[in-house]
Ligand code: ADP
Ligand code: MG
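Following this line, the structure appears as structure tokens:
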């Protein structure tokens, strides 16, 4: 029992603290924890009621005295205490309570400030981590997608999450050009809610909008053939209502956002030195994150940039896989401070 526990407790873990999901991975085992980054708490007593999937189920269904929040949903931290609770509880769920000072490689949303990342690191420490390394999202995403990022070869990765999209060009372990924009899943869901409200005078919930996106989105060639029933509230009568949405509706609702995303990608391509741009032209653009699965987005980007574009295998888990893969290279990566910064790591 003791031996087994000691082994378990000294496991190094990788954490992808995303704006929508938090995932924990272990080297050799892959992603072992994958839940929405949501916390529910009692507003009066401030007691935590649920974290992760349990809390996600309460979105839009909890009474007034319960607050159900996504503390990172815009890519910035809206609530330090809740972010710390989220990180601490998720680590404890994976490692148990008496963890023996493991190392953690963590990826945090690119737009959060240094002060905010310190709060997250502090939470990881409280959960028992001895050392916490931060890894930049595009570096983790590409490693998790199976790319050898040490090659002298330009690669472009576009990670489309819940709150933010990170676009970057890497070569020889370093980031050559990048941009982060607040154009991702949440904004798309909000656009669907707004469209349905304006066109049908029906208010639908966040989770319904997300489902409609996942089921119907086609930003390249919608033909009205796919449809689904959704439920909401009629804004005129105030009564429960249902309606049919099809892929044309979703296209009209979200195409402007998809176009903006394409413009952001073009912007990063414009900043890319010519040799590396040539590499990207032959190697293609890799999409990771949940947004990589938006129907037709790969084709839209490809037709606009004239560069082959494809989703990585299991795109939602790329960054999480990358964080645990980083342990294999930690010794080299942390050889000297220069390398640390080159690789986009910082040791805390
Ligand atoms: P983050 O890293 O910010 O936590 P993720 O990479 O986990 O984000 O992706 C979450 C986003 O991906 C959510 O907005 C979710 O709605 C979206 N998503 C998940 N699956 C799909 C799908 N099949 N089609 C379109 N969007 C999806
Ligand atoms: Mg992510």
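In the working numbering, the protein residues as written are 755 to 1102. Ideal placement from N, C-alpha and C gives every residue a C-beta, glycine not left out. Every value quoted in this text rests on a predicted model; they were computed, and no experiment measured them.
C-alpha distance - residue i paired with residue j, whole-angstrom precision
i            : j            : result
residue 1014 : residue 912  : 14 Å
residue 1041 : residue 1073 : 11 Å
residue 890  : residue 990  : 47 Å
residue 784  : residue 995  : 43 Å
residue 976  : residue 905  : 39 Å
residue 1009 : residue 907  : 32 Å
residue 757  : residue 781  : Reliability of the predicted coordinates at residue 757 is poor, the pLDDT of 47 falling under 50, and no value is obtained from them.
residue 1061 : residue 1039 : 7 Å
residue 1052 : residue 1028 : 23 Å
residue 839  : residue 795  : 11 Å
residue 1035 : residue 1083 : 28 Å
residue 985  : residue 857  : 46 Å
residue 1004 : residue 798  : 39 Å
residue 761  : residue 775  : With a pLDDT of only 47 at residue 761, under 50, the local geometry of the prediction cannot be trusted, and the value read off the model is given with reservation. Cα to Cα, the separation comes out at about 27 Å.
residue 903  : residue 927  : 5 Å
residue 786  : residue 1075 : 10 Å
residue 868  : residue 1048 : 31 Å
residue 875  : residue 892  : 19 Å
residue 864  : residue 992  : 41 Å
residue 894  : residue 981  : 36 Å
residue 884  : residue 836  : 22 Å
residue 765  : residue 841  : 17 Å
residue 925  : residue 971  : 33 Å
residue 793  : residue 827  : 12 Å
residue 1063 : residue 800  : 46 Å
residue 1095 : residue 886  : Interpretation of residue 1095 is limited by its pLDDT of 44, a score under 50 that renders its predicted location unreliable; the figure taken from the coordinates is listed afterwards. Approximately 15 Å between the Cα atoms of the pair.
residue 846  : residue 810  : 19 Å
residue 1016 : residue 850  : 43 Å
residue 882  : residue 872  : 15 Å
residue 901  : residue 1007 : 34 Å
residue 773  : residue 880  : 21 Å
Start and end residues, beta strand (DSSP E) containing residue i
i            : result
residue 820  : 820 to 823
residue 1022 : Note, residue 1022: premise wrong, no beta strand (DSSP E); alpha helix (DSSP H) at 1001 to 1025.
residue 953  : Note, residue 953: premise wrong, no beta strand (DSSP E); alpha helix (DSSP H) at 939 to 954.
residue 981  : 981 to 988
residue 802  : 802 to 805
residue 1063 : 1063 to 1065
Distance CB(residue i)-CB(residue j) smaller than 8 Å
i            : j            : result
residue 769  : residue 921  : no
residue 1079 : residue 1044 : no
residue 950  : residue 956  : yes
residue 862  : residue 767  : no
residue 1120 : residue 825  : Residue 1120 lies beyond the residue range present for the chain, which begins at 755 and ends at 1102; the question has no answer from this structure.
residue 808  : residue 844  : no
residue 870  : residue 823  : no
residue 917  : residue 829  : yes
residue 946  : residue 966  : yes
residue 935  : residue 1026 : no
residue 1030 : residue 1059 : no
residue 938  : residue 969  : no
residue 929  : residue 1046 : no
residue 1037 : residue 909  : yes
residue 860  : residue 877  : no
residue 812  : residue 820  : yes
residue 974  : residue 898  : no
residue 978  : residue 1002 : yes
In DSSP terms, what residue i is bridged to
i           : result
residue 789 : 776
residue 910 : 923 and 1039
residue 994 : 987
residue 770 : 777 and 861
residue 885 : 857
residue 849 : Its beta-bridge partners do not exist; DSSP assigns none.
residue 935 : 919
residue 794 : 804 and 822
residue 929 : 924
Where the alpha helix (DSSP H) through residue i begins and ends
i            : result
residue 1054 : 1051 to 1059
residue 1079 : 1072 to 1079
residue 968  : 960 to 970
residue 976  : Run containing residue 976: none; DSSP gives neither H nor E here.
residue 1047 : That residue, residue 1047, is in no alpha helix (DSSP H); it is neither H nor E in DSSP.
residue 870  : 868 to 880
residue 896  : 891 to 898
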